[in-house]
Amino acid sequence: MLRTLSRPIRHHSHFLARAMATANTPAFNKPLYAPLAEIDPEVQNIIDKETWRQFSGLELIASENLTSRATMEANGSILTNKYSEGLPAARYYGGNEYVDELEVLCQKRALQAFRLESSEWGVNVQPYSGSTANFAALTALLQPQDRLMGLGLPDGGHLTHGYYTAKKKMTASSIYFQSLPYGLEPATQLINYEALRSQAKIYKPRLIICGASAYPRDWDYKTLRAIADENGAYLMADIAHISGLVAAGEQANPFEYCDVVTTTTHKTLRGPRAGLIFFKRTGDNAKDLEKRINDAVFPACQGGPHNNTIAGIATALLQACQPTWKAYAQQVIANARTLGSELVSRGYKLQTSGTDNHLVLWDLRPLGLTGSKLEKLCDLVGITINKNAVSGDASAQVPGGIRLGTSALTSRDMLEADMKVVADFLHRAVQLALVLQKEAGSKLLKEFVRVATIQEEGKQGAKQVLELRKEVREFARRWPLPGVDVSTLTMPEGFLDE
Ligand code: PLP
29 MLRTLSRPIR
39 HHSHFLARAM
49 ATANTPAFNK
59 PLYAPLAEID
69 PEVQNIIDKE
79 TWRQFSGLEL
89 IASENLTSRA
99 TMEANGSILT
109 NKYSEGLPAA
119 RYYGGNEYVD
129 ELEVLCQKRA
139 LQAFRLESSE
149 WGVNVQPYSG
159 STANFAALTA
169 LLQPQDRLMG
179 LGLPDGGHLT
189 HGYYTAKKKM
199 TASSIYFQSL
209 PYGLEPATQL
219 INYEALRSQA
229 KIYKPRLIIC
239 GASAYPRDWD
249 YKTLRAIADE
259 NGAYLMADIA
269 HISGLVAAGE
279 QANPFEYCDV
289 VTTTTHKTLR
299 GPRAGLIFFK
309 RTGDNAKDLE
319 KRINDAVFPA
329 CQGGPHNNTI
339 AGIATALLQA
349 CQPTWKAYAQ
359 QVIANARTLG
369 SELVSRGYKL
379 QTSGTDNHLV
389 LWDLRPLGLT
399 GSKLEKLCDL
409 VGITINKNAV
419 SGDASAQVPG
429 GIRLGTSALT
439 SRDMLEADMK
449 VVADFLHRAV
459 QLALVLQKEA
469 GSKLLKEFVR
479 VATIQEEGKQ
489 GAKQVLELRK
499 EVREFARRWP
509 LPGVDVSTLT
519 MPEGFLDE
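So the sequence shown is numbered by the working numbering: it starts at 29 and just counts up by one.
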């Protein structure tokens with residue numbers, strides 16, 4: 029078997045390194061001491077393949093990033109063993125003296141990373157993910173069937189902001205609450221605050237949610253606060269995508285105006301997969317907020333916190349508190365701007381013509397190409413992107429665009445000049461997709477994939493896919509991969525597309 033050293037380099041755990049069964053260890057406990065590669069080569073091989081994929085490809089998914097070695101060490105630590113339902117100094121289990129210390133440290137760093145005073149803001153660091161953070165926040169702020177307003181999913185909002193279709197209430201946020209989406213102004217593709225104001229006047233929501241999964245511009249929190257106040261509503265910002273940029277002071281500050289701020293920790297913030305809920309401690313809306321948020325996280329929505337993840341969040345937040353964090357965030361934005369302008373200079377159309385943050389929304393409709401086809405082709409050549417609705421799409425099921433983000437490539441040390449190379453790969457992928465679409469002789473994705481992957485007499489597309497893939501792979505493998513000693517990597521057995 030070909031072995032790779034794809035696991036993060038581990039020097040941290042003297043207890044793991046020296047972990048050995050004794051002569052008296054019963055057979056049923058011997059597996060507790062064996063390394064993963066030995067005890068479970070199947071899982072090890074899957075990790076190796078994923079490591080090789082991340083090393084060999086260009087990661088442009090806007091909601092992803094590459095977390096640090098330290099965060100992976102914390103996330104893979106012995107803290108996974110511990111139950112700690114409750115809050116620091118108020119647990120339902122014993123043995124939490126160090127877990128308490130950890131959670132308090134994580135809370136302190138979360139406030140510090142966003143320049144918040146503990147007299148004015150508190151934070152719950154226990155949510156397992158962004159979706160559970162949002163549902164806990166809704167549970168705290170609303171009664172069942174209360175009304176909320178969030179940016180509509182086809183306009184860039186998130187599922188958890190009240191999304192429903194004509195046929196189905198899609199998420200707990202529309203099943204247990206009533207919701208009305210607000211949207212973009214078609215001409216500018218910016219949030220239409222005046223339309224939101226008029227809608228809110230009639231709908232009288234109890235909560236307005238701002239924040240998005242696919243919106244390349246900044247938010248006007250002051251206006252949102254005014255609209256919320258006109259209707260006696262709470263204002264909550266879900267800054268999942270941009271929290272790393274907010275921490276760096278590179279986006280408008282939602283804490284100036286919102287009652288509650290939620291975020292994921294694994295996107296621009298570059299931590300492990302989890303969520304945070306910040307709640308205001310001062311002002312009229314803050315009454316009981318702390319208790320309601322904390323009770324909503326546990327016991328209403330979750331059980332025991334994942335302490336290994338909280339250690340990973342703390343470590344990631346420490347990095348976000350360093351002066352170097354601002355430079356990272358600025359580079360992410362500069363890279364996104366360059367990627368966007370390089371695409372525009374090749375004749376492509378972007379939603380709002382550019383970006384102020386880490387992502388660009390690429391409108392493929394003028395090309396007669398769907399987001400699904402470009403996503404599929406990019407997967408085949410080692411560029412990871414995702415199809416995305418663009419403003420005006422008739423159906424979110426057949427998105428007319430692509431969302432691209434630069435957080436992960438920036439974490440691999442790429443700068444503006446490298447974005448030009450990436451834009452060129454994307455340009456070639458589009459040109460190739462148009463050739464393949466023609467060769468497929470049909471609009472069906474299945475046919476598109478067939479001509480992209482099977483070489484046929486008289487057709488050029490599949491061969492060009494292999495050529496482009498080779499170049500993308502060579503380029504991608506020039507860069508480091510956080511937490512991994514890439515000099516020791518070799519292609520693992522079973523890796524699919526070489
Ligand atoms: N909120 C926003 C704005 C998001 O974009 C996402 C995920 O993409 C979430 C919440 C959900 O986060 P998670 O996938 O961690 O549940």
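Even for Gly, the Cβ is constructed at its ideal location relative to N, Cα and C.
Model, not experiment: these values are computed from the prediction.
A Cβ-Cβ contact shorter than 8 Å links L170 with L235. In terms of Cβ geometry, L64 and V450 do not form a close pair [threshold 8 Å]. Nearest C-alpha to D248 among S241, K229, I230 and L224: L224. The Cβ neighbour count for L88, taken over all protein chains shown within 10 Å, is at least 16; the residue is labelled buried. If you check the C-beta of N281 against the ligand PLP, you find no heavy atom less than 7 Å away.
If the five residues before and after T160 are omitted, its C-beta is found closer than 7 Å to the C-beta atoms of G303, C329 and Q330, all from its own chain and listed in chain order.
Here DSSP, grouped into helix, strand and coil, assigns K110 to coil. Within its own chain, the residues whose Cβ lies closer than 6 Å to the Cβ of S435, once the five positions on either side in sequence are excluded, are N93, T296, V360 and H386, listed in chain order. Counting along the chain, the unbroken beta strand (DSSP E) around Y210 starts and ends at Q206 to Y210.
Counting along the chain, I413 sits inside no beta strand (DSSP E), nor does DSSP assign it H or E at all.
If you keep only unbroken alpha helix (DSSP H) runs of at least 4 residues inside the stretch 94-166, you get 97-103 and 125-141.
Per DSSP, G489 is one residue of the alpha helix (DSSP H) stretching across G489 to A504.
A Cβ-Cβ separation of about 5 Å places V325 in contact with A164 under the 8 Å criterion. Taking 8 Å as the cut-off, the beta carbon of G299 is found closer than this to the beta carbon of I341.
The set of residues whose C-beta lies within less than 5 Å of a heavy atom of the ligand PLP reads, in chain order, S91, S157, G158, S159, H186, S241, D266, A268 and T292. Look at the stretch 422-450 and you find these whole runs of alpha helix (DSSP H), each 4 residues long or longer: 435-439.
Note that the C-beta distance between L115 and N335 is not below 8 Å.
In the same chain as F453, and ignoring 5 residues on each side of it, the C-beta atoms closer than 8 Å to its own belong to L86, V409, I411, L496, E499, V500 and F503, in chain order.
The beta-bridge partner set that DSSP reports for F306 consists of V151 and V289. The residue from E521, P54, D446 and E131 with its alpha-carbon nearest to that of A117 is E131. Boundaries of the alpha helix (DSSP H) harbouring D323: L317 to D323, taken from the DSSP string. Beta-bridge partners of M264 (DSSP): I237 and V288. Shown here, I75 sits in a helix according to DSSP, grouped into three states. In the DSSP assignment, R225 falls within the unbroken alpha helix (DSSP H) covering Y221 to Y231.
The distance from the Cβ of S241 to that of H186 is about 5 Å, consistent with a contact at the 8 Å cut-off.
Collapsing the DSSP output to three states places E370 in a helix. Going by beta carbons, A417 and G429 fall inside the 8 Å limit. For D391, DSSP records a beta bridge to K377 and G429. Non-local C-beta neighbours of R137 in its own chain, meaning closer than 7 Å and more than five positions away in sequence, comprise A342, L345, L346 and C349, ordered along the chain.
Proximity to G311 across L432, S147, Y120 and G375 peaks at S147, based on C-alpha coordinates. By the neighbour-count criterion, in which a residue is buried when 16 or more other Cβ atoms sit within 10 angstroms of its Cβ, E484 is exposed. Using a 10 angstroms sphere on the CB of Y262, the tally of other CB atoms reaches 16 or more, which defines it as buried. Residues of the same chain with a CB within less than 6 Å of the CB of K448, apart from the 5 flanking positions on each side, are E370 in chain order. Remark: three or more beta-carbon pairs, one from each stretch, lie closer than 8 Å, so the stretch 377-386 and the stretch 266-281 are flagged as touching. Here DSSP, grouped into helix, strand and coil, assigns G420 to coil. For M177, the pairing in a beta bridge is given by DSSP as L208 and I236.
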